[in-house]
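Visitor:
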Ligand SMILES: Cc1ncc(C[n+]2csc(CCOP(=O)(O)OP(=O)(O)O)c2C)c(N)n1
Ligand SMILES: [Mg+2]
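Chains as they are written, first to last, in the numbering used here: chain A, 1 to 373; chain B, 1 to 322.
1. With a threshold of 16 other CB atoms inside 10 Å of the CB of residue 321 of chain A, please say whether the residue is buried or exposed.
2. Confirm the yes/no value for this check: CB of residue 125 of chain A, any heavy atom of ligand 1, distance under 8 Å.
3. Is the CB of residue 272 of chain B under 9 Å away from at least one CB in chain A?
4. Please say whether residue 193 of chain A and residue 244 of chain A have beta carbons closer to each other than 9 Å?
5. Buried or exposed: where does residue 123 of chain A fall if 16 or more other Cβ atoms within 10 Å of its Cβ makes it buried?
6. Counting Cβ pairs, one atom from each stretch, are 3 or more of them under 8 Å apart for the segment 258-274 of chain B and the segment 122-135 of chain B?
7. Look up residue 342 of chain A in the DSSP assignment and say whether it is helix, strand or coil.
8. Rounding to the nearest angstrom, what Cα-Cα distance links residue 233 of chain A and residue 188 of chain A in this structure?
9. Looking only at its own chain, which residues have a Cβ that is under 6 Å from the Cβ of residue 265 of chain B, when we skip the five neighbours before and after it?
10. Within 9 Å of any Cβ in chain B, is that where the Cβ of residue 183 of chain A sits?
11. What does DSSP give as the partner residues of residue 169 of chain B in its beta bridges?
12. For residue 236 of chain B, go through chain A and note every residue whose CB falls closer than 7 Å to its CB, in chain order.
13. Using the three-state DSSP reduction, which class does residue 225 of chain B fall into: helix, strand or coil?
14. At what residues does the beta strand (DSSP E) containing residue 188 of chain A begin and finish?
15. Please name the residue in A:209, A:292, A:294, A:300 whose C-alpha comes closest to that of residue 249 of chain A.
16. Is any heavy atom in ligand 2 found nearer than 8 Å to the beta carbon of residue 201 of chain A?
17. Spell out whether any CB of chain B is found under 9 Å from the CB atom of residue 213 of chain A.
18. Using only CA atoms, which one of A:113, A:108, A:132 lies nearest to residue 119 of chain A?
19. Which of the residues in the segment 190-214 of chain B, read from start to end, lie with their CB under 9 Å from any CB of chain A?
20. In chain B, what lies closer than 7 Å to residue 144 of chain A by C-beta?
21. With respect to 8 Å, is the separation between the Cβ of residue 217 of chain A and the closest non-hydrogen atom of ligand 2 below this value?
22. For the beta strand (DSSP E) containing residue 181 of chain A, name the first residue and the last one.
23. What are the partner residues of residue 23 of chain B, as DSSP defines its beta bridges?
24. Listing by chain order, which chain B residues have their CB less than 9 Å from the CB of residue 204 of chain A?
25. Given 8 Å as the limit, tell me if residue 183 of chain A has its C-beta closer than that to any heavy atom belonging to ligand 1.
26. Under 8 Å from any heavy atom of ligand 2, does the C-beta of residue 297 of chain A make it?
27. Over the uninterrupted beta strand (DSSP E) stretch that includes residue 33 of chain B, give me the two end residues.
28. Do residue 292 of chain A and residue 213 of chain A have their C-beta atoms within less than 9 Å of each other?
29. Can you determine whether any heavy atom of ligand 2 sits closer than 8 Å to the C-beta of residue 50 of chain B, and answer yes or no?
30. Between residue 310 of chain A and residue 109 of chain A, what straight-line distance do the alpha-carbon atoms span, to the nearest angstrom?
31. Round the Cβ separation of residue 258 of chain A and residue 89 of chain A to the nearest angstrom and send it over; I've been treating them as touching at under 8 Å.
32. Mind checking residue 33 of chain B: buried by the 16 CB within 10 Å criterion, or exposed?
33. My parser needs the alpha helix (DSSP H) runs of 4 or more residues fully inside the segment 51-96 of chain A; what are they?
34. Note down, in chain order, each residue of its chain lying with its Cβ closer than 6 Å to the Cβ of residue 217 of chain B, except the 5 sequence neighbours on either side.
35. Taking its Cβ as the centre, do 16 or more other Cβ atoms sit within 10 Å of residue 57 of chain B, making it buried, or is it exposed?
36. Using only the alpha-carbon positions, how far apart do residue 129 of chain A and residue 125 of chain B sit?
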């Protein structure tokens, strides 16, 4: 049902793809980005749709950052500026029945996978109507019943969770599903991340891991994060198929991540995509990122993917100025609506809260007078 | 028929696998013809193909995988090879499984089996009792069965519960305890049991320490004192009402646990009785735990490190004299 027995293989599908791993190892793709990558012809059918999710995300997160500066958000604000092209490609190919475990810079992907913007606003504002009901905030949100897992902070922890969900789906006889999770180059250095990638390959689940090297983990640059020549080389070590990606190029993101999703769906081994970009904001909005050097800001991977996409659209006349203007206005309107709706909703109150961390109310520990109230 | 505590755990899992298609077992060496480091899953992989799965040595990912499967409707049982190695999975157990219901309103029905506690010669890394640590965090139910019957029915209960359960099974009891047969029903989860009635002193205990406490009570009975022994069964939730009712009968309290002394189950028992039953006490409540050092290898050291029936009896006599 769930895995392979010692006596042999219990599913035919499993057998076929298992053999593939061996045969296809030499096919590991490590197409390196050309030094100064030219935008590809935006032939991808999802190019404009993806651009609109990116635009919505940028507009939303700019508003969020300004609310943060105005003291209107409790706790941190973490945005994905510069990472929208990679992220949107993570969400846009997913279907109902798929599992998505995003991390902190994945608003574009979350939106493309179907997260309503109002749920984001609700979570940042602590609305009781939001998915987290004020119990958790900011990027720590999800709707597991809709395949949107709710990340915990601890980086790398979600990889194996997706593996388990995929095993259960396989066990139930579901078909054509995949899981996709994202990770930063920093999070890739945790033990959990390593254990998760390894167990994914051992269980041979249809998983895509999209790693974004944005060249910093908080303030720490790559040379203090890892010492291997190239992170994508780890794909071979884990038994994944691996690809590199210029994350500033939307067409490439759609192409490479779209391909990885397809291959996972087709029963190939787990897929690793390593995208290269520069984080164009602080780690969070509290951070002025003054540690990002001028040299690195001049690197080709420091290009703003949203500007680059819009330039391509204008250059190739994929949309006229009028249309672009309308899209921008619609994005602003969506953002406005999300925040104003969330702002009208009630926030939780300590007195009315149901302080039970387990679902079995009859098994709640009655701490009594000796402990908490 | 005679059945051991370990066999009861195996039988419970066989029944669970048989009765419930959602159940699977995930752990190191549990599968194949091997059946686990202690043979708690012996023969199950063959009987239930594809549902008793060997894993890499990846405690974090084992529990993470179980969480993901549970979210998709499965009822995974994770076997840690030794409780001690569950430290590697603490993050998944405490921060992922333990927070999930509170955060999302969706519980995570996983059962993590921890072969716990000391046996001779096992040393610092194969002897730990971690129930106090797991009980400290919100969102988990922590079971510590002390009898063959409880090992069986409580494991079945654990899998039925929608919330994550840490099931602390004691390795010392694996072979030492025997029962004639397995019950169909046990006591309700979360209810403590009066293992021996008495009137002069209440000893609150659980897991292997229950048996040390019972032999201490036996010994002291010869001196004319009747000790009441409470078996907590689950340490979270902690059945404070049963403990208080016992102290109301005896006026004296000794809490006995095998985990390390700083904080923990015994401290919790004393705190609750002191706060809620101070007027019931005729003497200062006391507790006895393992020593505040890593668990030693040599039997001479080990038998002094953990509370023995002798040490428990000595402490009990002291309280009775007060
Ligand atoms: C296990 C763990 N340690 C530390 C942190 C604190 N932390 C949150 S984000 C972050 C940097 C993450 O860097 P990276 O994975 O590269 O993602 P990026 O922020 O660059 O997108 C750190 C250190 C954490 N969340 N988890
Ligand atoms: Mg980074």
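Cβ atoms here follow ideal geometry from the backbone N, Cα and C, with glycine treated the same way. Note that the coordinates shown come from a computational prediction; the quantities given were computed from them, not determined experimentally.
Guide: Judging by the given coordinates:
1. exposed
2. no
3. yes
4. no
5. buried
6. yes
7. helix
8. 13 Å
9. 132, 235, 257
10. no
11. B:115
12. 365
13. coil
14. Premise fails: residue 188 of chain A is in no beta strand (DSSP E) and is neither H nor E.
15. A:300
16. no
17. no
18. A:132
19. 190
20. 71, 104, 106
21. yes
22. 179-184
23. B:75
24. What residue 204 of chain A touches in chain B: nothing, since even the nearest Cβ is about 12 Å away.
25. yes
26. no
27. Premise fails: residue 33 of chain B is in no beta strand (DSSP E) and is neither H nor E.
28. no
29. no
30. 18 Å
31. 7 Å
32. exposed
33. 84-92
34. 196, 227, 229
35. exposed
36. 47 Å
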